[in-house]
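Number of protein chains: 2
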Amino acid sequence: MVVATQQTRISAGDLVQGVLDGQRLLLARTITRVENQDDDAAAMLAALYPHTGHAHIVGVTGAPGTGKSTLVTALARSYRHAGLTVGIVAIDPTSPFTGGALLGDRVRMRSLVGDPGVFVRSMATRGSLGGLSKTTGDVVTVLDAAGFDRVIVETVGVGQAEVEIASTAHTTLVVEAPGMGDEVQAIKAGILEIADVMVVNKADRPGVDKTVRALDMMLQIEGSGPRLIRHHGHLLRVETPAALAEDENRWQVTVMKTVAADGTGVSELRERIEAHRSWLQESGEMAIREQLRIANTLENIIRAELNRRILASLPAAKMDGMVEAIRRRETDPYTAAGEMLAHI
Amino acid sequence: MVVATQQTRISAGDLVQGVLDGQRLLLARTITRVENQDDDAAAMLAALYPHTGHAHIVGVTGAPGTGKSTLVTALARSYRHAGLTVGIVAIDPTSPFTGGALLGDRVRMRSLVGDPGVFVRSMATRGSLGGLSKTTGDVVTVLDAAGFDRVIVETVGVGQAEVEIASTAHTTLVVEAPGMGDEVQAIKAGILEIADVMVVNKADRPGVDKTVRALDMMLQIEGSGPRLIRHHGHLLRVETPAALAEDENRWQVTVMKTVAADGTGVSELRERIEAHRSWLQESGEMAIREQLRIANTLENIIRAELNRRILASLPAAKMDGMVEAIRRRETDPYTAAGEMLAHI
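Chain order of the listed sequences is A and B. Letter 291 of the first sequence, counting from 1, is numbered 291 in our numbering, and no numbers are missing. To convert, take the position in the second sequence, counting from 1, and add 344; that gives our numbering.
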């Protein structure tokens, strides 16, 4: 057994072994190195990867104010009651996990602290642009290898970045709350396309039935389940509503009502997630999702590394000259970038 | 004069002319093409660029719930009273400009509608990962070329992406609100480093003096003004607190109190921004900020284009084979990416 102290830098091999042995301190340190993209991070991830594939990955996304974090907390507790271990990755700036919410949320979240079957990691979102998606995937890989039965990834549902992170989950929950014109926002963000389960949280609030009806109606119009899983590269998957309608074994996206703050509806939600998991395995859909997840991961790694190389290789003197010429309005960034690109 | 109809696709040249002539409809369409990264976007931006350099660019950032959008609205109105035109770019998912806020905010914002001296553009944040910063800069370029005196960029202050966007502004406001442990968060996000003016909004709330004192104290400890403007490449600029302390002409970051909802303190804030603008010009600091802005723009363009080329050039068959091998756990994404990179 490796004893971690502040003085020693633990070797990558010892960290990997610690993760596989379920040592929390070494798990935390491994994630830190992965987050910081330390030199040995890739080697550690490569060593951990063969041990992945056990965790079911649940993405939880939605607008700020829908109570996602409270729901994640309640869901984790529900999984614990069911005898399953849970890893949580929070990358929502409004989440109490990442430090952005009110005191009440923090208190609720605290109910998870001290349980060895739960591990919470918040992502600082301070990495380089576009690096968040890659790093999130890496942290999920570590938690999966560490043996957690379920890994919940909480993101604020506002942009392509978050949609991509959610779409690399096995099961994606989109959380709404009554009022605030959420149904309109859901359409706007294209977020319904990625939902496997819709959740109307804060269902003790007025207007809940109206919100549920609006979502139900949209699901009927739009067809159920992901029709389009976006992908940068070539593994694009498009399903027309017609093709979906013909498929009797398709997954039915349902709207679940929860009051995460007092636990109402949470065990039903957990069961629905588990039903989706079973469906993924029985329908063969799991293999497709895994392919997409892997292709995304692969591209993210390649892209991050190429970005690093490119920026390191830009000739500094030439760049400085161009910046000055642009500042004098002798040229413009678009023309200058074209010239630069011609030399790469 | 070009008459825009839904039927015709307006040429890039006509759009550029329309922007320079101050035609709102053509301005809106130009921005849409720039946002969508249409084929002719780079050419339009290149044509518009020589007409930029007039606008003073104000970044407004801060955590959700600090009332940034209300403040931006009030600030825009204040600028209008002072006879200046204002372009607004909102990339905050919690902003009423981008559709994420409560009804009251929307009503306040509506006071700007119908004023030809104000143009509001919300960014959908749906572009590719890492593309947001580039696209924001492009939209600012269009608004600058269109002749707006001030361009306000509103971002939620939560991560590196937003910090970078804000750091490409001439003057950056960091907005806080009383309570909620904001002072701690400001440190955490490293956001004080980028503030030219600190604003405590919602200053009619309890705890405002405590928040102001905490911020004042931090500013004294940390030193005033940006000490480090982060940069991917080589134009890194670091100022030690000692060097700053010796510089008598340095900018003094102050903490301003506002109640944006009723306009209290907003004209004083506007005057403070204008004072910063004068200081930038008189101290020669403006040239340095422009260099950083341009270098960032240049790198973002190069990076975006290279990313596009890279993803297009990845051999599909080989990628598919690798994805399958990874899925079978015969290899892992990190090793596979390394092999792929060896061939690029």
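Positions of the beta carbon are idealized from the N, C-alpha and C atoms, including for glycine.
Check: With 16 other Cβ atoms within 10 Å as the buried cut-off, status of residue 225 of chain A; Outcome: Since pLDDT at residue 225 of chain A reaches only 47, below the 50 mark, its modelled position is unreliable, and the value read off the structure follows with that caveat. Flag for residue 225 of chain A reads buried.
Check: Contact check, residue 78 of chain A vs residue 278 of chain A, beta carbons under 8 Å; Outcome: no
Check: Coarse secondary structure for residue 258 of chain A, derived from DSSP in three states; Outcome: coil
Check: Positions along the stretch 35-58 of chain A whose CB lies within less than 7 Å of some CB in chain B; Outcome: 42, 45, 46, 49, 50 and 53
Check: Through-space distance from residue 495 of chain B to residue 414 of chain B, alpha-carbon basis; Outcome: 16 Å
Check: Beta-ladder partner(s) of residue 626 of chain B, from DSSP; Outcome: Answer is none; residue 626 of chain B lacks a bridge partner.
Check: Beta carbon of residue 265 of chain A nearer than 8 Å to that of residue 203 of chain A; Outcome: yes
Check: CB of residue 59 of chain A within 8 Å of CB of residue 141 of chain A, strictly; Outcome: no
Check: Element boundaries [alpha helix (DSSP H), containing residue 491 of chain B]; Outcome: Residue 491 of chain B -> no alpha helix (DSSP H), and no H or E assigned at all.
Check: Beta-carbon spacing of residue 209 of chain A, residue 253 of chain A below 8 Å; Outcome: no
Check: Contacts of residue 684 of chain B in chain A (Cβ-Cβ under 8 Å); Outcome: 298 and 302
Check: Same chain, Cβ closer than 6 Å to residue 230 of chain A, neighbours up to 5 away in sequence not counted; Outcome: Its pLDDT being 39, under 50, residue 230 of chain A is placed unreliably by the model, and the measurement read from it follows with that caveat. Closer than 6 Å at the Cβ level, and outside the excluded window around residue 230 of chain A, lies no residue.
Check: Residue-chain proximity (residue 12 of chain A, chain B), Cβ-Cβ < 8 Å; Outcome: no
Check: Under 8 Å between C-beta atoms of residue 302 of chain A and residue 638 of chain B; Outcome: no
Check: Three-state secondary structure assigned by DSSP to residue 197 of chain A; Outcome: strand
Check: Nearest-angstrom beta carbon gap, residue 148 of chain A and residue 61 of chain A [assumed within contact, 8 Å]; Outcome: About 20 Å; that fails the 8 Å criterion.
Check: Beta bridge counterpart(s) of residue 176 of chain A as assigned by DSSP; Outcome: A:200
Check: Neighbour list for residue 323 of chain A in chain B, Cβ cutoff strictly below 8 Å; Outcome: 579, 635, 638, 639 and 642
Check: Limits of the unbroken beta strand (DSSP E) element including residue 250 of chain A; Outcome: It is not in any beta strand (DSSP E) - residue 250 of chain A carries neither H nor E in the DSSP assignment.
Check: Coarse secondary structure for residue 529 of chain B, derived from DSSP in three states; Outcome: Unreliable positioning characterises residue 529 of chain B in this predicted model, as indicated by a pLDDT of 49, which lies under 50. The coordinate reading is nonetheless provided below. Correct three-state label for residue 529 of chain B: helix.
Check: Interface flag, residue 376 of chain B vs chain A, CB-CB below 8 Å; Outcome: no
Check: Sequence-distant residues of the same chain with beta carbon closer than 8 Å to residue 66 of chain A, five excluded per side; Outcome: 175, 176, 177, 182, 201 and 202
Check: Inter-residue Cα distance where the pair is residue 337 of chain A and residue 283 of chain A; Outcome: 48 Å
Check: Neighbour-count burial assignment, residue 220 of chain A, 16 or more Cβ in a 10 Å radius; Outcome: exposed
Check: Proximal residues, the stretch 256-290 of chain A versus chain B, C-beta separation under 9 Å; Outcome: 287 and 290
Check: Interface flag, residue 371 of chain B vs chain A, CB-CB below 8 Å; Outcome: no
Check: Limits of the unbroken beta strand (DSSP E) element including residue 56 of chain A; Outcome: 56-62
Check: Under 8 Å from the C-beta of residue 79 of chain A: neighbouring residues of chain B; Outcome: Chain B residues near residue 79 of chain A: none, gap ~25 Å exceeds 8 Å.
Check: Test item: CB-CB of residue 19 of chain A and residue 145 of chain A under 8 Å; Outcome: yes
Check: Burial state of residue 217 of chain A, where buried means 16 or more other Cβ atoms lie within 10 Å; Outcome: exposed
Check: Cross-chain neighbours of residue 327 of chain A in chain B, by beta carbon under 8 Å; Outcome: 631, 634, 635 and 638
Check: Secondary structure of residue 30 of chain A, DSSP reduced to three states; Outcome: helix
Check: Short CB-CB distance (under 8 Å) between residue 194 of chain A and chain B; Outcome: no
Check: Identity of the residues DSSP links to residue 411 of chain B by a beta bridge; Outcome: Per DSSP, none; premise fails for residue 411 of chain B.
Check: 8 Å Cβ cutoff, residue 651 of chain B in contact with chain A; Outcome: yes
Check: Min CB distance residue 319 of chain A to chain B below 8 Å; Outcome: yes
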